[in-house]
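Here the UniProt record's numbering is used: the first residue of the sequence shown is 1, the next is one more, and so on. Structure first, commentary second.
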Amino acid sequence: MDFKEVSDIIKNSEEKILIVADSDLDGKMSLSLMKIILNKLNKKYMEYFRLKGENNKDLTRILYGIINNNKDIKTIIFLDTPMDDIQLLKFAEKNNNINFIYLDHHKRKVPDNIPENMIYFDVRALFNMEICTTSIVYKIGKNIFNNEFGRYSLIASIGAIGDFMFENDEELIKDLIKNYRSLYNGVNFTMPYFVYFYLFLIAHPYDIAENIDKALSIEDFIKEIDIKKLKKGGLRYYTGISDSKKLYESEKMVAFEAKSSGVLSTVVSAFKPNKLIIVLSLKDKGLFNRLFKKGKRKYAVSVRYQNNKKIDVGILMNEFSKKYGISGGGHPKAAGGLIYENNIKDLFDFFEKKLSINEEN
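So, in structure tokens, the structure goes:
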């Protein structure tokens, strides 16, 4: 199975199509590009945007509800939704009247006994490719529509940067330079690019695809900006950073607690590229949180590390979660997880040890 074959399958996929996408920037951008593809193919579709913090059991329950209420769904496309393989394959087997297309980049190996009604296209598991899901969908679009699809390289680049995977995609970099040299010259991004990046960051994924032609014209994009939404989005990201507090720092790493773990970890990583960055945010807030005894409260973890290609923080977060719980994984330079409060110190010690071993080698 290669990109051409997957592109042909999507081009000829049966309607109605359900797109399922994750809530991060890569999920938003891949959803937007897939909608552009399906719109150009005149395919009937609906979409489900996975809620932040929604686990796999919650997701499958929601999908069963959508399927039961929409008997005309013939194809489901998963985008950047790293479900556990056992649950994923079981879900496909139980719904063998539906075709499944799984597009992702999180898995380490292809599972055995994939059902006949499923296309399992995880580029990391298949080809050891370190590109994001947005890049996967972008390549599918180019296979279907040729170089015409290059105008959407701007959107693809935003998804790739959001997952720390832009530098790995030579085709995308080449297309971005060709179509948007005023925004990126192959070495540096210009200020207008960062304006675009920020606006896409706070935009709802449905808005991006529905107004894509306006979004690719800076004059029209500026006119369409919702000022109230812009202020609200900016305030949300600012407070996520300003309310942070440092928990730990050493020669090799630094850790913070903040309202939003992902935003701060990315920002700090840009300023401290030689250190491993950990940001924790309390998962259960308010009355619900008070039901848990101290030590058993759950914290979301965001990890960033740009310095060393020998360190894969996704693998390390997964290793930590298997020993201490609850969940963890991700990519070589960006990972996340969920841990208990009483394992925070264990997390710091774990990464310090791994960094020291790597330094010795």
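From the three backbone atoms N, C-alpha and C, an ideal C-beta is built for every residue, glycine too.
*Can you tell me which of the three DSSP states VAL137 falls into?*
Residue state, collapsed to three classes: helix.
*On the premise that PHE100 lies in contact with ILE76, defined as a C-beta separation below 8 angstroms, what is that separation, rounded to the nearest angstrom?*
About 5 angstroms separates the two Cβ atoms, so the contact holds.
*PHE127: buried (16+ other C-beta within 10 angstroms of its C-beta) or exposed?*
Per the 10 Å Cβ criterion, exposed.
_Cβ-Cβ distance between PHE121 and VAL303 below 8 angstroms_ = Taking C-beta atoms as the reference points, PHE121 and VAL303 fail to come closer than 8 angstroms.
*Which one or two residues does DSSP pair with ASP298 in a beta bridge?*
According to the sequence as given, residue 298 is Lys; it is not Asp. According to DSSP, which records beta bridges pairwise, LYS298 is partnered with TYR340.
*Scan the segment 27-96 and note each continuous alpha helix (DSSP H) run of 4 residues or more that stays entirely inside, going in chain order.*
Fully enclosed alpha helix (DSSP H) runs of 4 or longer: 56-69, 85-94.
*asked:* Which residue wins for smallest C-alpha separation from ARG236, given the options LEU264, LYS174, ALA125, MET253?
replied: Cα-wise, what sits closest to ARG236 is LEU264.
_Run through the DSSP bridge pairs and tell me what VAL20 is partnered with._
In DSSP, VAL20 forms a bridge with TYR48, PHE78.
*asked:* For a test of the three-state rule: what should DSSP assign to ILE131, helix, strand or coil?
replied: Coil.
_Mapping the DSSP letters down to three states, classify ASP346 as helix, strand or coil._
Looking at ASP346 - three-state DSSP - the assignment turns out to be helix.
_Neighbourhood of residue 364 by C-beta, 7 angstroms cutoff - its chain only, sequence neighbours within 5 removed_ = No answer is possible for residue 364: the residues shown for the chain start at 1 and end at 361.
*If you pair each beta-carbon of the segment 309-318 with each one of the segment 333-343, do three or more pairs fall below 8 angstroms?*
Yes, they touch.
*Return the CA-CA distance between LEU89 and PRO115, expressed in angstroms with no decimal places.*
Between the alpha carbons of LEU89 and PRO115 lies a distance of about 7 angstroms.
*asked:* Quick check on this structure: which residue in ILE140, LYS107, ARG297, GLU93 has the alpha carbon closest to the alpha carbon of LEU31?
replied: Comparing C-alpha distances from LEU31 to each of ILE140, LYS107, ARG297, GLU93 shows the shortest one belongs to ILE140.
*How would you call SER135, buried or exposed, if buried means at least 16 neighbouring beta carbons within 10 angstroms?*
So SER135 counts as buried.
*Answer with buried or exposed for GLN306, where buried requires no fewer than 16 other C-beta atoms within 10 angstroms of its C-beta.*
Buried, because 16 or more other Cβ atoms sit within 10 Å of the Cβ of GLN306.
*Quick one, which of VAL187, ASN168, SER153, ILE161 has its alpha-carbon nearest TYR180's?*
Looking at the Cα atoms, SER153 is the closest of the given residues.
*Can you tell me whether GLU359 is buried or exposed, with buried defined as 16 or more other CB within 10 angstroms of its CB?*
Flag for GLU359 reads exposed.
*If we ignore side chains and look at the alpha-carbon of each, how far apart do LYS283 and ILE86 end up?*
Note on geometry: alpha-carbon atoms of LYS283 and ILE86 lie some 26 angstroms from one another.
*Applying the criterion that 16 or more other CB atoms from any shown protein chain within 10 Å of the CB defines a buried residue, is MET1 buried or exposed?*
Exposed is the call here.
*Buried or exposed for THR190, please, with buried defined as at least 16 other CB atoms from any protein chain shown within 10 angstroms of its CB.*
THR190 should be labelled exposed.
*Considering only the beta carbon of each residue, do GLU148 and LYS74 sit closer than 8 angstroms?*
The Cβ-Cβ distance between GLU148 and LYS74 does not fall below 8 angstroms.
*How many whole angstroms separate the CB atoms of LYS252 and LEU276, which I take to be in contact at a CB cut-off of 8 angstroms?*
Rounded, the Cβ-Cβ distance is 6 angstroms, consistent with contact.
*Would you please state the rounded distance, in angstroms, between the beta carbons of THR81 and VAL20? I believe it to be under 8 angstroms.*
VAL20 and THR81 do touch by the CB rule: their CB atoms are close to 6 angstroms apart, below 8 angstroms.
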